[in-house]
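Reviewing the structure listed below.
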Amino acid sequence: MSGTGLELYGKKCDQLLSESEIRFAGIVDKDGQLIAGGFKEGLVPHEGDETRLQSFLEFVSKASIRKEYDESLGPINYLAARRDKAVLVSFPFPITQILLLISAEPTANIESLAKKVVEIFTDVN
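Here the sequence shown is numbered in this note's numbering, starting from 5 and rising by one per residue.
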């Protein structure tokens with residue numbers, strides 16, 4: 005991925021991080037590596053946050069690339085997990101084979117988050 009593409013993704017993650025309830029917004033490549041974004045500036049991650057994000061990432065990567073229901077149900081728009089301490093949402097970008105991963109406060113409305121992501125990332129493949 006080109007430097008300008010990564011810069012654009014970084015800016016879009018920053019836009020998401022300006023939302024009060026979002027704690028983490030990052031772009032992950034198909035190998036599970038964080039290539040843009042990260043934790044909100046000044047935020048101290050919950051103990052084990054990074055490990056949890058990594059395992060969620062592995063789960064989501066596997067789930068997002070599975071295509072068996074695409075024909076009957078359509079492609080995955082996003083995958084969400086609501087936990088006691090956080091909401092985790094991932095958005096696959098099939099063309100570029102990357103994922104946007106968001107971690108938000110447990111009170112976050114998943115549909116509202118999804119709308120915000122669509123607004124910010126509409127012009128991106």
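Even glycine gets a Cβ: it sits at the ideal position worked out from N, Cα and C.
- For glutamate 62, same chain residues with a beta-carbon under 7 Å away, outside a window of 5 residues either side, are Gly36 in chain order.
- Contact annotation: valine 64 and leucine 103 have beta-carbon atoms nearer than 8 Å.
- When the beta-carbon positions are compared, leucine 57 and serine 107 come within less than 8 Å of each other.
- For glycine 41, the beta-bridge partners assigned by DSSP are Gly30.
- DSSP, read as helix, strand or coil, puts isoleucine 80 in coil.
- For leucine 117, the uninterrupted alpha helix (DSSP H) segment begins and ends at 114-125.
- In its chain, beyond the 5 residues on either side, Ala85, Leu92, Ser94, Leu105 have a beta carbon closer than 8 Å to the beta carbon of phenylalanine 60.
- In this chain, the beta strand (DSSP E) harbouring isoleucine 106 covers 102-108.
- The Cβ neighbour count for proline 79, taken over all protein chains shown within 10 Å, is under 16; the residue is labelled exposed.
- For valine 93, the three-state secondary structure derived from DSSP is strand.
- Taking each of Thr126, Tyr82, Asp88, Thr100 in turn and checking the Cα distance to glutamate 115, the smallest one comes out for Tyr82.
- Around leucine 47, the same chain offers Arg27 as residues with beta carbons nearer than 7 Å, after the five sequence neighbours per side are excluded.
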